[in-house]
Amino acid sequence: MKQLPDILRGRDLLSLHHYTPGEIELILDTADYLRELKKKDMPHPYLKGKTLGMIFQKSSTRTRVSFEVGIYQLGGMGLFLSSSDIQLGRGETVADTARVLSRYLDGIMIRTFAQSDVEELARHAEVPVINGLTDLLHPCQVLADLQTIRQYKGRLAGLKLAFVGDGNNMAHSLLFGCAKTGISITVASPENYMPRPEIVTAAIGDAAGTGAEIKVVSDPAEAVSGADVVITDVWASMGQESEQLLRAEAFAAYQVSEELVKYAKKDFIFMHCLPAHRGEEVTAGIIDGPHSAVWDEAENRLHAQKAVMALVM
Ligand code: CP
Ligand code: NVA
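My numbering puts the first residue of the sequence shown at 489, with every later residue one more than the last.
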């Protein structure tokens, strides 16, 4: 078990926008190294005796299980803190929750609605805070996505990625992740569902040093044209359940289908953060077909987040 660098110790992970290309590369290299140790069944207790609190204000399968198993594999322990059980759900402030949890824990992961709540938590916590998804961003997922792309394509810089669908938390974090690693990204969304302009502008700024091209269009075929990686996500995210029907109509032309991927490179890979709705944002033939990398992508949540925890906690 080699010594890991200390340069990220104590840092929060609120957005990939806050990380340099070199820091992201360090996380991905560490994630690959931890994946190798796990595959060889070699113990790697980098966080022996440490504890991670995991606050959930939304549902989760992958994030909950991969963080909880991940901290255990690192020699520590995870505590699942459902907001319906802790006092946060009854009106205790985010700041007070941060101050108190910092007296018990070595790190806090939070999945919630407002990005500002995660930032508030981080401001008042004395331990690293990791963003496990907000309405705005999903950085841990995109670290796993970058690890997966590198696993399949052997590199990141110079590739072309298409994100088709809602300009949501996944689109936003992919914009940052691609900009920072030199992947050219085109997001294709219906006019009223495009990524937030301030995120696109920030991503363009991030891309200045890496040469990545950042584009937002409304034509899915244009985005997928020549793509090495095709990604989509649900049309209605958590918290938008009441808009499901309206969105199904708005996004009908944005399904990743056998027809659409004809525009991609022959050896394209398909990714989806999951959970997926077959027959909506993607056809069963694509997500269950030979180009799909979704199960490796889901697995890499474990390795990428272990890397984040081992480096920051
Ligand atoms: N992709 C993802 O974050 O999945 P969960 O909602 O199951 O955590
Ligand atoms: N955009 C989705 C991602 C789920 C992991 C949501 O926020 O519900």
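Backbone N, C-alpha and C fix where the C-beta goes; we use that ideal spot for every residue, glycine too.
Any idea if residue i is buried or exposed, counting beta-carbon neighbours within 10 angstroms, 16 or more meaning buried?
| i | result |
| --- | --- |
| residue 645 | exposed |
| residue 547 | exposed |
| residue 772 | exposed |
| residue 575 | exposed |
| residue 592 | exposed |
| residue 708 | buried |
| residue 619 | buried |
| residue 683 | buried |
| residue 785 | buried |
| residue 578 | exposed |
| residue 658 | buried |
| residue 689 | exposed |
| residue 572 | exposed |
| residue 508 | exposed |
| residue 801 | buried |
Does the beta-carbon distance from residue i to residue j come in below 8 Å?
| i | j | result |
| --- | --- | --- |
| residue 627 | residue 733 | no |
| residue 796 | residue 770 | no |
| residue 617 | residue 596 | yes |
| residue 539 | residue 594 | yes |
| residue 623 | residue 602 | yes |
| residue 495 | residue 504 | no |
| residue 714 | residue 753 | yes |
| residue 674 | residue 691 | no |
| residue 660 | residue 625 | yes |
| residue 563 | residue 536 | yes |
| residue 681 | residue 781 | no |
| residue 740 | residue 710 | no |
| residue 481 | residue 787 | Absent from the model: residue 481. The displayed extent of the chain is 489 to 801, so no value can be given. |
Might you give, ordered along the chain, the residues of its own chain that have their beta carbon closer than 7 Å to the beta carbon of residue i, omitting 5 neighbours on each side?
| i | result |
| --- | --- |
| residue 528 | none |
| residue 765 | 722 |
| residue 492 | 518, 534, 798, 799 |
| residue 670 | 644, 645, 646, 698, 699, 700 |
| residue 693 | none |
| residue 566 | 540, 542, 555, 556, 559, 560 |
| residue 656 | 721, 725 |
| residue 731 | 724 |
| residue 705 | 674, 676, 711 |
| residue 523 | 791 |
What does a CB cutoff of less than 6 Å around residue i pick up in its chain, not counting 5 residues either side in sequence?
| i | result |
| --- | --- |
| residue 695 | 667, 702 |
| residue 544 | 570, 599 |
| residue 678 | 738 |
| residue 582 | 605, 608, 609 |
| residue 554 | 789, 790, 793 |
| residue 590 | 613, 614, 615 |
| residue 586 | 609, 612, 613 |
| residue 746 | 773 |
| residue 672 | 648, 700, 701 |
Starting from the C-beta of residue i, find all residues in its chain whose C-beta is less than 8 Å away, skip the five residues before and the five after it, and write them out in chain order.
| i | result |
| --- | --- |
| residue 749 | 712, 718, 756, 758, 774, 779 |
| residue 727 | 546, 601, 623 |
Considering Cα atoms alone, identify which of the options is closest to residue i.
| i | options | result |
| --- | --- | --- |
| residue 541 | 568, 525, 650 | 568 |
| residue 506 | 687, 551, 490, 615 | 687 |
| residue 516 | 586, 661, 634, 706 | 634 |
| residue 521 | 754, 580, 489 | 489 |
| residue 665 | 648, 681, 556 | 648 |
| residue 724 | 640, 578, 763 | 763 |
| residue 653 | 537, 782, 720, 532 | 720 |
| residue 478 | 525, 637, 728 | Residue 478 lies beyond the stretch modelled for the chain, which goes from 489 to 801, so this question has no answer here. |
| residue 642 | 552, 573, 716, 704 | 716 |
| residue 783 | 751, 632, 672 | 632 |
Report the residue ranges of all alpha helix (DSSP H) runs contained in full by the segment 556 to 619; include only those spanning at least 4 residues, in chain order. Here the runs fully enclosed are 582 to 590, 603 to 612.
Run through the segment 620 to 668 for me and flag every whole alpha helix (DSSP H) of 4 or more residues, listed as ranges in chain order. Runs found: 627 to 641.
Quick one: complete beta strand (DSSP E) runs, 3+ long, within the segment 504 to 549? 539 to 544
Segments assigned alpha helix (DSSP H), at least 4 residues, entirely inside the segment 714 to 783: 732 to 738, 772 to 775
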